[in-house]
Amino acid sequence: MKLAAVAVHLLTGLGAVCALLAVEAILSGGWPRVFWWLGVAFLIDGIDGPIARAIGVKEQLPRFSGETIDLMIDYLTYVFVPVLVLLAAGRMPEALGYPLAALILLSSLFHFSDEGSKAADLAFVGFPAIWNVVAFYVFALDLGVAATAMLIVVCVLATFVPLHWVHPVRVQPLRPITLGMTALWSVAALATIASGFPAPAWAQAVFVLVAIYGLGVTTWLSCRAS
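Shown next as structure tokens:
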């Protein structure tokens, strides 16, 4: 079982390799490939936790924290690489690029270190630093630099507002609908990466629909918790 526990840690660690490959894609200007590797990292992040709990990794390897590994890689793939791609692609106002990048990096550190960032309903408390998704929307919807700057400021501010942001898998209320929306979003995202940016019109419609649904559920969960 210890060998299986080591394998789970290695699986989690592959997220760092995905981050490296995403940076390589940024250096070569391959924007769809950036999000392909960020997507692979996102998939790994979604499956390693349940596997780790199923085989008891904490009990098998108590000296090594899978949660610490996970947090380090999440900061790379959810925050640092998305900031880098937004800067490299000129998707932020030239004069405000680095200040906006700093806001993202610093606010995300607050979220990652917040011991109260998960609610009893398993929702995220405050904007959950999913800058990989934000950056994807910027490319998929071909947002201008002004709109991108506004979106970044709103998300940074939302980090410090205790709304309950829906988790795409763990939150129980409306879970079947949320899972369906997540699957639909994933299909549209794969099609977009395959065809290149901006996304096809039908995929853009899906992204907007899912975003509206997510914000709606977040508002509802927040009202229930208050």
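Per numbering that gives the first Met the number 0, the sequence shown starts with residue 0, numbered consecutively. Every residue, glycine too, gets a C-beta built ideally from N, C-alpha and C.
Pair within 7 angstroms by beta-carbon distance, residue i and residue j
| i | j | result |
| --- | --- | --- |
| T158 | P167 | no |
| L99 | I151 | yes |
| P197 | A148 | no |
| F41 | I192 | no |
| T67 | A18 | no |
| A51 | V5 | no |
| Y237 | F111 | Here the chain comprises residues numbered 0 to 225, so residue 237 is not present and cannot be evaluated. |
| W184 | V209 | yes |
| A224 | V205 | no |
| G195 | P31 | yes |
| H163 | A118 | yes |
Same chain, Cβ closer than 6 angstroms to residue i, neighbours up to 5 away in sequence not counted
| i | result |
| --- | --- |
| I54 | A3 |
| V155 | L102 and S106 |
| T190 | First, the residue type needs correcting, since residue 190 is Ala and not Thr in the sequence shown. Cβ within range, chain order: A202. |
Where the alpha helix (DSSP H) containing residue i begins and where it ends
| i | result |
| --- | --- |
| E66 | G65 to D73 |
| D47 | W30 to I54 |
| L2 | K1 to L26 |
| A101 | G96 to S112 |
| A118 | Segment: none, A118 is in no alpha helix (DSSP H) and carries neither H nor E. |
| S221 | A200 to A224 |
Close Cβ partners of residue i (< 7 angstroms) along its chain, the five nearest in sequence each way excluded
| i | result |
| --- | --- |
| S27 | none |
| A237 | Because the chain is modelled from 0 through 225, residue 237 falls outside the range shown and cannot be assessed. |
| V165 | A122, T177, G213, V216, T217 and L220 |
| G115 | V124 |
| L173 | V216 |
Other residues of its chain near residue i: CB distance less than 8 angstroms, five sequence neighbours each side excluded
| i | result |
| --- | --- |
| I43 | L10, T11, L13, G14 and C17 |
| V160 | G125 and F126 |
Below-7 angstroms beta-carbon distance, residue i vs any chain D residue
| i | result |
| --- | --- |
| R62 | Considering every chain present, this structure includes no chain D. It has just one protein chain. |
Whether or not the region 8-26 and the region 123-130 are in contact is what I'm after, with contact meaning three or more pairs of Cβ atoms, one per stretch, closer than 8 angstroms; do they touch? no
Do the region 46-60 and the region 206-219 make contact, defined as three or more Cβ pairs closer than 8 angstroms? no
Output the residue ranges of the alpha helix (DSSP H) runs that lie fully inside the region 129-178 and measure 4 residues or longer, sorted by chain position. 130-139 and 144-157
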